[in-house]
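Down below is the structure, laid out as structure tokens.
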Amino acid sequence: MAARKILLVDDSETILQMEQMILAKEPYELFVARDGVEGVARALECSPDLILMDVVMPRMGGFEALRELRGNHLTSTVPVVMVTTKAEADSIETGYASGCSDYIVKPIDSMELIAKVRDLMGD
Amino acid sequence: MLPLSTLTPSSTETSERATAYVHPGEVFVSARSHAVTTILGSCVAVCLWDPTTRIGGLNHFLLPSFTGQGLASPRFGNVAIKELVAQLAQLGSQRHNLLAKIFGGACVLEAFRQRQHHLGMKNVEVARHLLECESIPLVSHDVGGQRGRKLIFHTDDGAAWVKTL
Numbered sequence: 008m009a010a011r012k013i014l015l016v017d018d019s020e021t022i023l024q025m026e027q028m029i030l031a032k033e034p035y036e037l038f039v040a041r042d043g044v045e046g047v048a049r050a051l052e053c054s055p056d057l058i059l060m061d062v063v064m065p066r067m068g069g070f071e072a073l074r075e076l077r078g079n080h081l082t083s084t085v086p087v088v089m090v091t092t093k094a095e096a097d098s099i100e101t102g103y104a105s106g107c108s109d110y111i112v113k114p115i116d117s118m119e120l121i122a123k124v125r126d127l128m129g130d
Numbered sequence: 004m005l006p007l008s009t010l011t012p013s014s015t016e017t018s019e020r021a022t023a024y025v026h027p028g029e030v031f032v033s034a035r036s037h038a039v040t041t042i043l044g045s046c047v048a049v050c051l052w053d054p055t056t057r058i059g060g061l062n063h064f065l066l067p068s069f070t071g072q073g074l075a076s077p078r079f080g081n082v083a084i085k086e087l088v089a090q091l092a093q094l095g096s097q098r099h100n101l102l103a104k105i106f107g108g109a110c111v112l113e114a115f116r117q118r119q120h121h122l123g124m125k126n127v128e129v130a131r132h133l134l135e136c137e138s139i140p141l142v143s144h145d146v147g148g149q150r151g152r153k154l155i156f157h158t159d160d161g162a163a164w165v166k167t168l
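Each protein sequence line maps, in turn, to chains W and G. Our numbering puts the first residue of the first sequence at 8, with every later residue one more than the last. Our numbering puts the first residue of the second sequence at 4, with every later residue one more than the last.
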């Protein structure tokens, strides 16, 4: 059976590496994108089962990318977890209005990330 | 059960209160009147208040139980609830007066909502169980479902408003 896929979208190489490190032992195939534009394009290419999406990114932010994903029938139902900072937490209401599935707050806690990912992957 | 409004409190209802925002993994308590906001997905907030002393607070936890790995923080339900009860006691609340409300525990995916043990429901279960162990009456709740929630809780009188997101 093909491994299920997770798309990590973040402009921070550190965050991407951390997410990859935390999820390395899980049975998922990981894909990365470094801004919202690339994130939407990668999502259409690789059809992920879950997306972890940063909020503030160059070219296209996470909320706008989320709206693009929700507006496309190919990605409209993919669970998207917004990865926010405490300073952005107030705006997570916008994320829900745009169709996000859940959110986590940086600094990323490995147990929390794994628990949310497993839950949204049905494991 | 006390009524649970789905309306946003009016400006007059919040104007006399200080405001606060509780992030995931935090505990907030106050002996002053506060309107506390938090946003919940699969996470759960347990709100406690003492109607006599008007001391109250809430937590916002992400995972059901600390199992010994890593740091025992209020990110875990069992730690967050004990911490909330302890902090309220430090402020002068009377344990036997405490009342509780629980919010959150959503499961956004239709396919998984049928599972009895999705993360949101596990969080709700641990909250119910620990409140029962602490003999704190649960007077109201708004849990489960498929949508996130914005919660505003008044620490002095226990009033709560939920907006489905």
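By construction, the Cβ of each residue, glycine as well, lies at the ideal position given by its N, Cα and C atoms.
Test item: CB-CB of serine 33/G and glycine 73/G under 8 Å: Result no, Cβ atoms of serine 33/G and glycine 73/G do not sit closer than 8 Å.
Within-8 Å CB hit, glycine 73/G to chain W: With respect to chain W, the C-beta atom of glycine 73/G has a partner C-beta closer than 8 Å.
CA-to-CA distance, glutamate 45/W to lysine 93/W, given in whole angstroms: Between the C-alpha atoms of lysine 93/W and glutamate 45/W there is a straight-line separation of about 25 Å.
Within the region 52-99 of chain W, ranges of the beta strand (DSSP E) (whole runs, at least 3 residues): Runs found: 57-61 and 87-91.
Other residues of its chain near methionine 25/W: CB distance less than 8 Å, five sequence neighbours each side excluded: Closer than 8 Å at Cβ, skipping near neighbours: Ile115.
Boundaries (first-last residue) of the beta strand (DSSP E) holding valine 111/G: Annotation: valine 111/G is outside any beta strand (DSSP E) and is labelled neither H nor E by DSSP.
Where arginine 131/G sits in the DSSP three-state scheme: Helix at arginine 131/G.
Glutamate 67/W to alanine 40/W span [Cα, whole Å]: The question names glutamate, yet the displayed sequence has methionine at residue 67/W. Between methionine 67/W and alanine 40/W, the C-alpha separation is close to 12 Å.
CA-to-CA distance, glycine 108/G to isoleucine 58/G, given in whole angstroms: Isoleucine 58/G and glycine 108/G have their C-alpha atoms spaced approximately 25 Å apart.
Other residues of its chain near glutamate 71/W: CB distance less than 7 Å, five sequence neighbours each side excluded: Excluding its 5 nearest sequence neighbours in each direction, glutamate 71/W has C-beta neighbours in its own chain below 7 Å: Gly43, listed in chain order.
Bounding residues of the alpha helix (DSSP H) (the contiguous stretch that carries leucine 122/W): According to the sequence as given, residue 122/W is alanine; it is not leucine. Counting along the chain, the alpha helix (DSSP H) containing alanine 122/W begins and ends at 117-127.
C-beta atoms of alanine 63/W and glutamate 95/W nearer than 8 Å: It should be pointed out that residue 63/W corresponds to valine in this sequence rather than to alanine. In this structure, glutamate 95/W lies closer than 8 Å to valine 63/W by Cβ.
Whole-angstrom C-beta distance between threonine 82/W and alanine 212/W, which should lie under 8 Å: As shown, chain W starts at 8 and ends at 130. That puts residue 212/W outside it, with no answer to give.
Where serine 8/G falls, given that 16 or more other Cβ within 10 Å makes a residue buried: Note that serine 8/G has pLDDT 48, beneath the 50 cutoff, so the model's placement of it is unreliable and the number below is only indicative. Classification for serine 8/G: exposed.
is_contact[methionine 118/W, chain G] using C-beta, thresh 8 Å: At least one CB atom of chain G sits nearer than 8 Å to the CB of methionine 118/W.
With 16 other Cβ atoms within 10 Å as the buried cut-off, status of proline 27/G: Result: buried.
Boundaries of the beta strand (DSSP E) in which glutamate 19/G is found, first to last residue: Note, glutamate 19/G: premise wrong, no beta strand (DSSP E); not H, not E.
8 Å Cβ cutoff met for alanine 10/W and tyrosine 35/W: Contact: yes.
From Leu141/G, Arg131/G and Pro140/G, residue whose alpha carbon lies closest to that of glycine 80/G: Answer by Cα proximity: Arg131/G.
Interface positions of the region 80-109 of chain W facing chain G (Cβ-Cβ less than 9 Å), listed along the chain: Per Cβ criterion, the list reads Thr84, Pro86, Val88, Lys93, Ala96, Asp97, Ile99, Glu100, Gly102, Tyr103, Ala104, Cys107, Ser108 and Asp109.
Nearest neighbour of threonine 70/G, chosen from Leu112/G, Glu19/G and Val82/G [CA to CA]: Distances from the alpha-carbon of threonine 70/G to those of Leu112/G, Glu19/G and Val82/G put Val82/G closest.
Candidates His63/G, Thr167/G and Lys166/G: closest to valine 112/W by CA position: In terms of Cα proximity to valine 112/W, the closest of His63/G, Thr167/G and Lys166/G is His63/G.
Whole-number beta carbon distance between leucine 91/G and leucine 101/G, since they are thought to touch under 8 Å: About 7 Å; that satisfies the 8 Å criterion.
Residues bridged to phenylalanine 38/W (per DSSP): In the DSSP output, where bridge partners are listed per residue, phenylalanine 38/W has Leu14/W.
CB contact flag (alanine 103/G, isoleucine 139/G, <8 Å): In contact: alanine 103/G and isoleucine 139/G (Cβ atoms closer than 8 Å).
Length of the line joining the Cα atoms of serine 54/W and lysine 12/W: Taking the Cα positions, serine 54/W is about 8 Å away from lysine 12/W.
Cutoff 8 Å: alanine 122/W Cβ touching any chain G Cβ: Contact with chain G is found for alanine 122/W, since one of that chain's Cβ atoms lies less than 8 Å from the residue's Cβ.
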